[in-house]
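Number of protein chains: 2
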Amino acid sequence: MPRPRPVSHRQFVAAAKALAHPARLRILAMLRHAELCVCQMSTILQLAASTVSGHLNDLRRSGLVLERKQGKLVYYALDPESPFAAWVAQALDLVASDSRIRADAAVINRVRAVPIPLLTRGDLTLEAIRKRRARRPATSPAAPA
Amino acid sequence: MPRPRPVSHRQFVAAAKALAHPARLRILAMLRHAELCVCQMSTILQLAASTVSGHLNDLRRSGLVLERKQGKLVYYALDPESPFAAWVAQALDLVASDSRIRADAAVINRVRAVPIPLLTRGDLTLEAIRKRRARRPATSPAAPA
DNA sequence: TCCTCATCTCGGAATCTTCCGAAATATACG
DNA sequence: CGTATATTTCGGAAGATTCCGAGATGAGGA
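Printed below as a string of structure tokens:
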């Protein structure tokens with residue numbers, strides 16, 4: 401177990417601010433399960449892509465996540481080298497049983513199975529999902545045949 | 401070592417917000433060394449008592465500190481039973497080597513040696529201290545004879 | 001090249017935070 | 001009881017945060 405590097409109290413305050421918002425906390429909790437791109441998180445959080453992008457910028461600037469560009473997509477992941485990695489992990493353990501956090505985790509694999517173009521077409525707003533479910537009792541949101 | 405209790409993500413965000421401010425972080429770091437009253441922290445932080453009282457209210461409502469009234473004074477201490485206690489301790493370890501945090505720790509015992517009435521009379525602003533030091537080369541700020 | 005699409009940046013509105021001083025509260029002490 | 005003092009609460013000003021949509025950017029694909 402690597403001893404955590406010391407940080408300035410300014411750096412620390414920035415990191416704590418990053419954790420101190422429901423959307424950013426949910427993002428970090430999701431990234432524990434899988435690397436995700438902006439549009440996937442935007443779908444799960446039900447927030448505009450520009451909003452999610454802003455949150456991810458905060459998380460990156462405070463040293464909590466890393467980005468990896470792949471074609472048009474930008475994938476984000478927890479930074480295991482961050483001086484805050486162990487502290488963030490402990491935080492995520494504390495909230496792991498929260499219902500919202502668990503619900504997000506349960507949805508991640510389903511969303512990852514959806515082709516990206518479908519995610520950004522408003523097909524996955526809550527209303528759209530409910531409508532489809534009313535018509536087709538199929539469980540999987542992927543593979544629209 | 402007691403297993404930390406799970407908390408809701410709302411409770412957690414409140415606790416993270418509490419850590420996410422320089423003054424509140426410094427307060428928590430000071431309380432690791434000693435129980436302190438509002439006017440002592442107000443002196444060290446160089447902030448109005450009403451401001452410090454507000455920060456302490458935040459810390460108390462998010463479950464990080466306890467208060468103990470003793471006469472006119474209200475002493476605050478870290479809550480060792482808080483579900484966040486271990487997480488906060490880890491945070492304070494991360495910033496323990498920060499210069500501001502160390503400077504605060506170095507001043508605590510001196511301030512505790514000063515009688516309370518002297519603290520709230522503006523005798524301990526930075527300028528007042530420098531003036532006294534120029535006149536009297538004595539090291540102790542207490543016992544004004 | 002031209003178009004599409006995922007992401008980012010910018011501008012602005014609504015809300016929240018932070019700080020102080022003044023007034024209110026609470027506890028001692030004469 | 002009246003005064004003194006430590007703390008809290010209130011009001012308001014200054015600044016920060018959060019969110020979205022419109023437009024800019026950049027990587028592919030037709």
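Sequence lines, in order, name chains C and V. Numbering-wise, the first sequence is residues 401 to 545 according to my numbering. Numbering-wise, the second sequence is residues 401 to 545 according to my numbering. The beta-carbon is built from N, C-alpha and C at its ideal position, and this holds for glycine as well.
Give a yes or no on whether the minimum CB-CB distance between residue i and chain C is below 9 Å.
| i | result |
| --- | --- |
| R461 of chain V | no |
| S482 of chain V | no |
| K417 of chain V | yes |
| P404 of chain V | yes |
| F412 of chain V | yes |
| H547 of chain V | Here chain V comprises residues numbered 401 to 545, so residue 547 of chain V is not present and cannot be evaluated. |
| D498 of chain V | yes |
| L436 of chain V | no |
| L478 of chain V | no |
Let me know if residue i comes out buried or exposed under the rule of 16 or more other beta-carbons within 10 Å of its beta-carbon.
| i | result |
| --- | --- |
| A491 of chain V | buried |
| H433 of chain V | exposed |
| R410 of chain C | exposed |
| Q470 of chain C | exposed |
| A542 of chain V | At A542 of chain V the pLDDT is 42, less than 50, meaning the model places this residue with poor confidence; the figure from the coordinates comes in the next sentence. Burial call: exposed. |
| A416 of chain C | buried |
| A448 of chain C | exposed |
| A506 of chain V | exposed |
| V413 of chain V | buried |
| S442 of chain C | buried |
| I516 of chain C | exposed |
| S482 of chain C | buried |
| L431 of chain V | buried |
| A420 of chain C | buried |
| L473 of chain C | exposed |
| S450 of chain C | exposed |
Consider the Cβ of residue i: report whether some Cβ of chain V lies at a distance smaller than 9 Å.
| i | result |
| --- | --- |
| P541 of chain C | Reliability fails at P541 of chain C, whose pLDDT of 43 lies under 50, so the model's placement of it is uncertain and the value that follows must be treated cautiously. For P541 of chain C, the answer is no, since every Cβ of chain V falls outside 9 Å of its Cβ. |
| L464 of chain C | no |
| I444 of chain C | no |
| I501 of chain C | yes |
| R530 of chain C | Only weak support is given to the placement of R530 of chain C: the predicted model assigns it a pLDDT of 48, under 50, and the question is left unresolved by the model. |
| L431 of chain C | no |
| V495 of chain C | yes |
| L519 of chain C | no |
| L425 of chain C | yes |
| A506 of chain C | no |
If residue i sits next to residue j, beta carbons under 8 Å apart, how far is it from one beta carbon to the other, in whole angstroms?
| i | j | result |
| --- | --- | --- |
| V488 of chain C | L445 of chain C | Their Cβ separation, rounded to whole angstroms, is 18 Å, which puts V488 of chain C and L445 of chain C out of contact at 8 Å. |
| K424 of chain C | D458 of chain C | Reading off the sequence shown, one finds Arg at residue 424 of chain C, where the question assumed Lys. About 7 Å separates the two Cβ atoms, so the contact holds. |
| L464 of chain V | A418 of chain V | 6 Å |
| L456 of chain C | Y476 of chain C | 6 Å |
| A503 of chain C | P404 of chain C | So it is not a contact: roughly 31 Å between Cβ atoms. |
| D479 of chain C | L466 of chain C | 5 Å |
| Q440 of chain V | L519 of chain V | 6 Å |
| S499 of chain V | D498 of chain C | Contact flag wrong, Cβ pair sits at about 36 Å. |
| V438 of chain C | S462 of chain C | Wrong, their Cβ atoms sit about 18 Å apart, outside the cutoff. |
So with CB distances below 8 Å, who are the chain C contacts of residue i?
| i | result |
| --- | --- |
| A491 of chain V | F412, A416 and W487 |
At a CB-CB cut-off below 7 Å, which residues of chain V make contact with residue i?
| i | result |
| --- | --- |
| A420 of chain C | V413, A416, K417 and A420 |
Fully enclosed by the region 461-494 of chain C, which alpha helix (DSSP H) runs are 4 residues long or longer?
485-494
Pick out the complete beta strand (DSSP E) segments inside the region 409-448 of chain C, 3 residues or longer, and give them in chain order.
none
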